[in-house]
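Asks: Can you read through this structure? Questions will come right after.
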Amino acid sequence: MTPGINVAKKARITHTAHEYAHDPASESYGLEAAEKLGIAEERVFKTLVVSLDGHELAVGVVPVSSMLSMKQTAKAAGAKKAAMAAPAEAERATGYLLGGVSPLGQKKRLRTFIDDSAANFPTVFVSAGRRGLEIELSPHDLKTLTGASFAGIAQRAE
Numbered sequence: 219m220t221p222g223i224n225v226a227k228k229a230r231i232t233h234t235a236h237e238y239a240h241d242p243a244s245e246s247y248g249l250e251a252a253e254k255l256g257i258a259e260e261r262v263f264k265t266l267v268v269s270l271d272g273h274e275l276a277v278g279v280v281p282v283s284s285m286l287s288m289k290q291t292a293k294a295a296g297a298k299k300a301a302m303a304a305p306a307e308a309e310r311a312t313g314y315l316l317g318g319v320s321p322l323g324q325k326k327r328l329r330t331f332i333d334d335s336a337a338n339f340p341t342v343f344v345s346a347g348r349r350g351l352e353i354e355l356s357p358h359d360l361k362t363l364t365g366a367s368f369a370g371i372a373q374r375a376e
């Protein structure tokens, strides 16, 4: 079990863990998860750690088919600027390795923003805390468990 799955279990929310054989050569963990699990890319969400105004870390959860809009994330957080956090900083704050960062069960609870497109689905998939393991749950349960806000933070990948 991962801390992410343990959070869902402890809260007694309906969830399903989905495991697949992760290919270390894969360039996009989220797209790999969607493909191997046979799920639409719009329902699989990646967890990205950003730095707000250079001093606060936060989390953006967006579909793997999209990119995180730094401008919209900063706006949602009430910050002037958002930038991707340094990988070592993201791993230290969350307790997860990149490619397996879950919005659930992080070592330090970071402010979290979930792209509002998640609300269009009965369930969404996010990393359960390691590469090759996804957790499926209601977007509203995800919001509750992370203390997140829904916001338009995704931009379609070009």
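Just so we're aligned, residue 219 is where the sequence shown starts under this note's numbering, counting upward by one.
The beta-carbon is built from N, C-alpha and C at its ideal position, and this holds for glycine as well.
Values in this document were obtained by computation on a predicted structure and should not be read as measured data.
Does DSSP put SER285 in a helix, a strand or coil?
Replies: Here the sequence assigns Met to residue 285, which means Ser is not the residue at that position. Looking at MET285 - three-state DSSP - the assignment turns out to be strand.
Asks: The alpha helix (DSSP H) with LEU315 in it runs from where to where?
Replies: LEU315 -> no alpha helix (DSSP H), and no H or E assigned at all.
Asks: Pick out whichever of GLU307, VAL277, MET219 and ALA337 has its Cα sitting closest to the Cα of ARG261.
Replies: Considering only alpha carbons, the answer is ALA337.
Asks: Between the Cα of SER345 and the Cα atoms of LEU255, LYS264, ALA301 and GLY256, which residue gives the shortest distance?
Replies: Checking every option, the nearest Cα to that of SER345 belongs to LYS264.
Asks: By the three-class DSSP mapping on this structure, what secondary structure does HIS233 have?
Replies: DSSP places HIS233 in strand when its eight states are reduced to three.
Asks: For the candidate residues ALA303, LYS289 and ALA304, whose alpha-carbon lies nearest to that of ALA297?
Replies: The shortest Cα separation from ALA297 among ALA303, LYS289 and ALA304 belongs to LYS289.
Asks: Which partner residues of PHE339 appear in the DSSP bridge assignment?
Replies: Paired residue(s): none; PHE339 is not in a bridge.
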